[in-house]
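First the structure, in the form of structure tokens, and then the observations on it.
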Amino acid sequence: MEKNRMLQEAADFIRQNDRFLLVTHVQPDGDAFGSTLGFAHLLEALGKQVVIAAEEPVPGKFQFLPGSNKIQICSSISEKFSTVVALDCGDFRRLGSCADLLLPDAAVLNIDHHKTNDLFGKANLVDLDAAATSQIVYDLAGFLRVSVGLPMAICLYTGIMTDTGGFRYSNTTVAVHRIVGDLLEIGVAPYEIADRLLETLTWAQAQLIREALGTLQRDSSGQVAWIAVKRDLLDRLGARDEDVEGLVSYARNIQGVEVGILFREKEDGSVKVSLRSKYRVDVGQIALFYGGGGHARAAGCSLHSSIEQAQTDVLAKVSEWLAT
């Protein structure tokens with residue numbers, strides 16, 4: 001089977017090397033952190049040395065993950081690495097500035113589940129049927145006969161839970177539930193993780209929801225809804241970029257809406273666009289058109305334009321998809 005061949009390729013890559021740089025995509029989400037830290041625990045169980053890098057500090061809501069304190073900002077690392085593992089990255093561009101840590105001839109193991117993955121690694125473990133990259137790391141641990149301890153289990157559960165939308169999305173398969181059952185038997189407390197990531201709001205987040213919903217609009221067909229969050233709103237409320245995550249669901253979840261979109265002004269003047277769909281529109285392809293990526297039902301990209309122009313451009317592209 002192709003999957004077993006890729007698992008063997010990844011296993012050989014690990015066995016043949018002793019020290020690894022682990023990186024994930026820009027603006028990491030729960031699966032990015034969960035799979036990366038879960039893989040770090042796997043390597044350490046095999047006696048390997050690990051350096052973990054990310055573009056930005058770990059958001060507060062993910063700092064409970066075992067090993068998160070070991071993640072370094074890539075700009076603070078002077079060393080260049082010859083052996084690298086990229087997790088949850090649909091293509092090499094998604095490494096962002098962490099790509100600067102690679103030697104020109106660096107060997108890369110690419111572990112991912114995005115349908116847009118272009119197999120950029122020397123070794124590739126890409127499973128398009130997996131709900132999350134954390135699910136692939138779990139499979140690899142089993143292939144390597146590495147016992148999954150509680151720290152690794154917490155990380156992998158977090159990745160799977162977040163990429164399945166709390167087990168609500170269509171990628172919540174029988175295989176997902178079987179793996180999650182195993183992780184619960186190891187000792188993961190699902191209610192604690194759900195409380196941290198799905199249920200708890202800071203005061204700034206609550207204020208942000210109140211004001212952001214005031215920007216909620218819907219197109220004339222009723223199939224597209226969007227929210228726009230400008231930088232001055234975040235600054236005024238003392239909200240962080242991570243506080244914006246999840247707002248897009250308010251647009252998507254409206255009855256009759258097929259595509260929900262969140263437009264957010266970033267500090268550098270660009271606009272982060274988060275796209276979610278229900279059934280028909282492949283928002284991953286829309287994000288890819290603008291240099292981003294993701295999945296058919298959840299994707300994102302950044303546009304270097306005003307937030308008004310970004311809305312005009314992306315809404316036109318979504319309308320094209322709805323018309324097909």
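According to full-length UniProt numbering, the sequence shown is numbered sequentially starting from 1. We treat Cβ as the ideally placed atom computed from N, Cα and C, and that holds for glycine.
Practice task
Please say whether residue 37 and residue 14 have beta carbons closer to each other than 9 Å?
Solution key: Residue 37 is positioned such that its CB atom lies no closer than 9 Å to that of residue 14.
Practice task
Compute the distance between the beta-carbons of residue 245 and residue 29, then report whether it is under 9 Å.
Solution key: Yes, the pair counts as a contact, with Cβ atoms nearer than the cut-off.
Practice task
Could you round the C-beta distance between residue 89 and residue 112 to whole angstroms and report it? I think they count as a contact, below 8 Å.
Solution key: Sure, about 6 Å apart at Cβ, within 8 Å.
Practice task
Sort 221, 304, 257, 204 by Cα distance to residue 235 and report the nearest one.
Solution key: Selected option, being the one with the closest Cα: 204.
Handout entry: residue 289, buried or exposed, once every other Cβ within 10 Å from all chains shown has been counted against 16
Key = If you draw a 10 Å sphere on the C-beta of residue 289, you find fewer than 16 other C-beta atoms in it, and that means exposed.
Problem - CB of residue 7 within 9 Å of CB of residue 143, strictly - result: The Cβ atoms of residue 7 and residue 143 sit closer than 9 Å to each other.
Handout entry: Proximity of residue 262 and residue 140 at Cβ, strictly below 9 Å
Key = For residue 262 and residue 140, no; Cβs fall outside 9 Å.
Exercise for the section: Pick out whichever of 307, 272, 91 has its Cα sitting closest to the Cα of residue 121. Expected result: Among 307, 272, 91, the Cα nearest to that of residue 121 belongs to 91.
Exercise for the section: Please go through the stretch 159-212 and give each complete alpha helix (DSSP H) segment of 4 or more residues, from N-terminal end onward. Expected result: If we require 4 residues or more, the alpha helix (DSSP H) runs fully inside the stretch 159-212 come out as 174-186, 190-194, 203-212.
Problem - Within 9 Å, strictly: CB atoms of residue 273 and residue 212 - result: Contact: no.
Handout entry: Neighbourhood of residue 173 by C-beta, 7 Å cutoff - its chain only, sequence neighbours within 5 removed
Key = Only 131 meet the Cβ criterion.
Handout entry: Nearest candidate by alpha-carbon position, reference residue 68, set 152, 202, 94
Key = For residue 68, the nearest C-alpha among the options comes from 152.
Practice task
For residue 37, name the three-state secondary structure that DSSP assigns.
Solution key: DSSP places residue 37 within a helical segment (H, G or I) once states are collapsed to three.
Problem - Continuous alpha helix (DSSP H) assignments of at least 4 residues falling wholly in the UniProt domain "DDH" (20-160) - result: Taking only runs of at least 4 residues, the alpha helix (DSSP H) segments lying wholly in the UniProt domain "DDH" (20-160) are 30-45, 133-143.
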